[in-house]
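Notes follow the structure.
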Amino acid sequence: MNIFGGANAASRKRAWRSGLDFWTRREDPTMWTYDDRARFWIILAVTFALSCLFVVLGARGVLASDAPPGCPKTKFCGCAMSLKKFGRIVVKPNLKLARSWNIFPADVPRAGNVAVRRGHVFELLYQIKGDLWMVWDPNSGQHRTRTHPRRLVGHRIVNPSAARLAALEVGR
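Read left to right, the sequence shown gives residues 14 to 185 (this note's numbering).
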């Protein structure tokens with residue numbers, strides 16, 4: 014046995030001749046060769062680097078933009094959602110305010126619907142798993158618009174549509 018804990022040169026040569034190289038099982042599976050240890054540390058380093066990258070990207074989400082033109086620089090989620098859903102800033106009813114989105118009828122979570130809670134709205138894009146959804150989230154933090162995963166706990170799901178908005182505007 015050498016100083017690295019692996020088998021001696023003769024047994025390594027036999028393993029190589031028989032096709033048992035360092036990617037496959039050895040004659041003595043309890044022995045770790047230098048190649049095993051090097052491969053272990055490389056895999057560990059790559060795994061650590063990738064996990065750090067995913068944590069950073071997952072925490073920040075995908076940056077979309079700042080406040081849209083015509084919307085206030087802060088607290089613009091309702092205004093941005095109005096621009097996205099209806100192509101304009103709806104003033105009557107005042108959809109610049111997040112709480113005004115509660116005028117729409119409640120619905121089940123599905124793509125295109127809007128999640129509303131006190132002071133914030135965001136659009137559901139697609140379901141990831143359970144109550145975890147990928148969302149388009151205007152003013153999601155630091156006055157940025159992001160696409161990122163979000164849970165629906167504590168949110169009311171509403172279905173805004175142009176027909177319902179027209180009925181609300183006529184009724185006023």
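No residue lacks a Cβ here, since even glycine has one placed at the ideal position from N, Cα and C.
In terms of residue numbering, what span does the beta strand (DSSP E) encompassing residue i cover?
i           : result
residue 145 : 145-154
residue 127 : 127-130
Counting only the same chain and skipping the five closest in sequence on each side, list residues whose C-beta sits under 6 Å from that of residue i.
i           : result
residue 132 : 111
residue 134 : 90, 91, 94, 111, 114 and 127
residue 139 : 124 and 147
residue 14  : With a pLDDT of only 46 at residue 14, under 50, the local geometry of the prediction cannot be trusted, and the value read off the model is given with reservation. Nothing listed; no residue qualifies.
residue 150 : 135 and 159
Compute the distance between the beta-carbons of residue i and residue j, then report whether it is under 8 Å.
i           : j           : result
residue 162 : residue 141 : yes
residue 137 : residue 124 : yes
residue 121 : residue 168 : no
residue 117 : residue 59  : no
For residue i, I'd like the list of residues in its chain whose CB is within less than 7 Å of its CB, leaving aside the five on either flank, ordered along the chain.
i           : result
residue 164 : 144 and 145
residue 86  : 80 and 156
residue 76  : Bear in mind that a pLDDT of 48 at residue 76, under 50, signals an unreliable position, so the number given afterwards is only what the model happens to contain. 157 and 159, listed in sequence order.
residue 88  : 152
residue 119 : 169, 170 and 171
residue 1   : What is shown of the chain runs 14 to 185, which leaves residue 1 out entirely.
Please report the residue range of the alpha helix (DSSP H) in which residue i lies.
i          : result
residue 99 : 90-99
Taking DSSP's pairing of strands, which residues face residue i in a bridge?
i           : result
residue 135 : 128
residue 119 : 171
residue 162 : 147
residue 6   : Residue 6 lies beyond the stretch modelled for the chain, which goes from 14 to 185, so this question has no answer here.
residue 142 : 145
residue 157 : 154
Below 8 Å CB to CB, which residues in the same chain sit around residue i once its five sequence neighbours on both sides are set aside?
i          : result
residue 83 : 92, 96 and 102
Check whether the stretch 99-107 touches the stretch 56-66, taking contact to mean three or more Cβ pairs, one atom from each stretch, closer than 8 Å. no
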